[in-house]
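Q:
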Amino acid sequence: MEKSKFILDIQDLVVEYHTEDGIVYAVNGMNLQLEPQKTLGLVGETGAGKTTTAMSILRLVPDPPGVIKSGKIFLDGRDILSLPIREMQELRGSFVSMIFQDPMTSLNPVLSIIEQIAEVIRRHENIGAAEAMEKALEMLDTVGIARDRANNYPHQLSGGMRQRIVIAIALACSPKLLIADEPTTALDVTIQAQILEVMKDLRHKFHTAMIMITHDLGIVAEICDDVSVMYGGKVVEHGALTEVFKQTKHPYTEGLFNSLPNINYRSERLKPIPGLMPDPTEIPPGCTFAPRCGYAIEKCFSEPPALRWFSDTHYALCTRYEDPAFCLKGRSSAWQTQS
Numbered sequence: 100m101e102k103s104k105f106i107l108d109i110q111d112l113v114v115e116y117h118t119e120d121g122i123v124y125a126v127n128g129m130n131l132q133l134e135p136q137k138t139l140g141l142v143g144e145t146g147a148g149k150t151t152t153a154m155s156i157l158r159l160v161p162d163p164p165g166v167i168k169s170g171k172i173f174l175d176g177r178d179i180l181s182l183p184i185r186e187m188q189e190l191r192g193s194f195v196s197m198i199f200q201d202p203m204t205s206l207n208p209v210l211s212i213i214e215q216i217a218e219v220i221r222r223h224e225n226i227g228a229a230e231a232m233e234k235a236l237e238m239l240d241t242v243g244i245a246r247d248r249a250n251n252y253p254h255q256l257s258g259g260m261r262q263r264i265v266i267a268i269a270l271a272c273s274p275k276l277l278i279a280d281e282p283t284t285a286l287d288v289t290i291q292a293q294i295l296e297v298m299k300d301l302r303h304k305f306h307t308a309m310i311m312i313t314h315d316l317g318i319v320a321e322i323c324d325d326v327s328v329m330y331g332g333k334v335v336e337h338g339a340l341t342e343v344f345k346q347t348k349h350p351y352t353e354g355l356f357n358s359l360p361n362i363n364y365r366s367e368r369l370k371p372i373p374g375l376m377p378d379p380t381e382i383p384p385g386c387t388f389a390p391r392c393g394y395a396i397e398k399c400f401s402e403p404p405a406l407r408w409f410s411d412t413h414y415a416l417c418t419r420y421e422d423p424a425f426c427l428k429g430r431s432s433a434w435q436t437q438s
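This is the structure in structure tokens:
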């Protein structure tokens with residue numbers, strides 16, 4: 100098998116949920132690539148398809164009602180959608196791990212934290228119980244939790260400490276890819292900063308590639324190398340951090356930046372994106388963002404958006420770039436001032 104330059108390569112992924120109320124089109128032709136040891140920010144509103152994409156990478160989309168209809172997902176060149184379930188179970192935790200949004204629901208309430216870390220180590224490494232416990236204690240040291248808390252249960256820990264335990268479990272077997280699904284959402288701002296610092300340090304220590312799923316552009320700027328902006332179940336703009344932040348090309352990305360408050364010019368009114376996300380049971384034939392887009396023309400509502408490359412790493416899905424004279428109006432000074 101030829102070695103892939105990407106640790107993750109998603110090609111034309113389509114995921115649906117078949118419910119009593121109809122088919123929910125959650126992911127609609129998703130394309131995503133990630134190089135080893137890089138961090139990708141996956142950005143978008145609630146309902147954009149970010150978490151479903153992450154669950155697809157782990158083959159944890161609940162079936163029923165979820166169905167991976169088509170597409171391919173390669174992990175280090177291996178097509179995981181064709182793997183037997185036993186081989187996929189071996190990959191989870193050893194090659195790819197995930198940090199979920201709420202640490203309290205991610206941990207077993209009747210097992211001590213040391214038992215939960217040791218469990219994943221014994222599952223994937225051929226070592227005895229005593230050695231697994233010692234390695235679990237080392238992971239506690241790594242995430243900054245005192246060893247005398249090892250026999251505590253999740254309810255005895257703060258939210259920030261629980262999230263550190265989840266990080267320790269995810270990284271215990273040194274996976275090559277870590278997926279973090281809004282890992283700081285349930286935490287206060289001070290603890291958020293601490294958790295992000297821990298994740299940055301551990302990413303470098305374990306040489307791990309990471310997907311940071313978030314709606315917070317500040318977190319993306321803090322921790323990511325590349326950015327993919329999702330809308331309506333697909334990536335509408337992708338590029339290196341500086342390309343997406345400084346040379347924004349998609350109207351939706353522009354809207355995200357324009358909705359940021361400007362702390363230096365408090366008299367300026369926010370510029371929210373008008374309207375709502377499209378109903379995922381009724382995906383329109385044209386651009387899914389067209390009903391909310393100030394640049395939309397008639398063609399945008401009837402035809403799928405065209406892919407336009409602006410560099411070897413930067414692209415956007417937008418029909419308007421068929422007009423050579425088209426350009427965005429430019430973002431507000433909100434982000435420029437704060438970055």
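Under this note's numbering, the first residue of the sequence shown is numbered 100, with each subsequent residue one higher.
Ideal Cβ positions, reconstructed from N, Cα and C, are used throughout, including at glycine.
Here the structure is a predicted model, which means the values were calculated and not measured.
So what's Ser431 in DSSP terms, helix, strand or just coil?
A: For Ser431, the pLDDT reaches just 45, beneath the cut-off of 50, and the residue's location in the model is therefore unreliable, although a value from the coordinates is still provided. Looking at Ser431 - three-state DSSP - the assignment turns out to be coil, as it is neither helix nor strand.
Q: Nearest to Asp287 by CA position, among Leu301, Arg302, Ile278 and Ser257, is which residue?
A: Just measuring C-alpha positions, the residue of Leu301, Arg302, Ile278 and Ser257 sitting nearest Asp287 is Ser257.
Q: Who does His337 pair with in a DSSP beta bridge?
A: Here His337 is bridged, per DSSP, to Ser327 and Tyr414.
Q: Just verifying my parser: in three-state terms, what is the DSSP assignment at Ala395?
A: Here Ala395 sits in coil by DSSP.
Q: Which value, in whole angstroms, describes the spacing of the CA atoms of Leu206 and Ala267?
A: 12 angstroms
Q: Using the Cβ count rule (16 or more neighbours within 10 Å means buried), how would you classify Cys426?
A: exposed
Q: Determine the contact status of Gly165 and Val242, defining contact as a CB-CB distance below 8 angstroms.
A: Cβ atoms of Gly165 and Val242: not closer than 8 angstroms.
Q: Going along the chain, which residues of its own chain have a beta-carbon closer than 7 angstroms to the beta-carbon of Arg261, five neighbours each way excluded?
A: Pro202, Met203, Leu206 and Pro253
Q: Might you give, ordered along the chain, the residues of its own chain that have their beta carbon closer than 6 angstroms to the beta carbon of Gln291, omitting 5 neighbours on each side?
A: Thr283
Q: When you compare each of Cys272, Ser181 and Val326 to Lys304 by their alpha carbons, which one comes out closest?
A: Cys272
Q: Whole angstroms is fine: what's the gap from Thr289's alpha carbon to Ile318's?
A: Thr289 and Ile318: Cα-Cα distance of roughly 13 angstroms.
Q: Does the Cβ of His306 have 16 or more other Cβ atoms within 10 Å, making it buried, or fewer, making it exposed?
A: exposed
Q: Tell me which residues share the same chain as Pro377 and place their Cβ nearer than 8 angstroms to its Cβ, disregarding the 5 neighbours each side in the sequence.
A: Gly331, Pro383, Thr387 and Pro390
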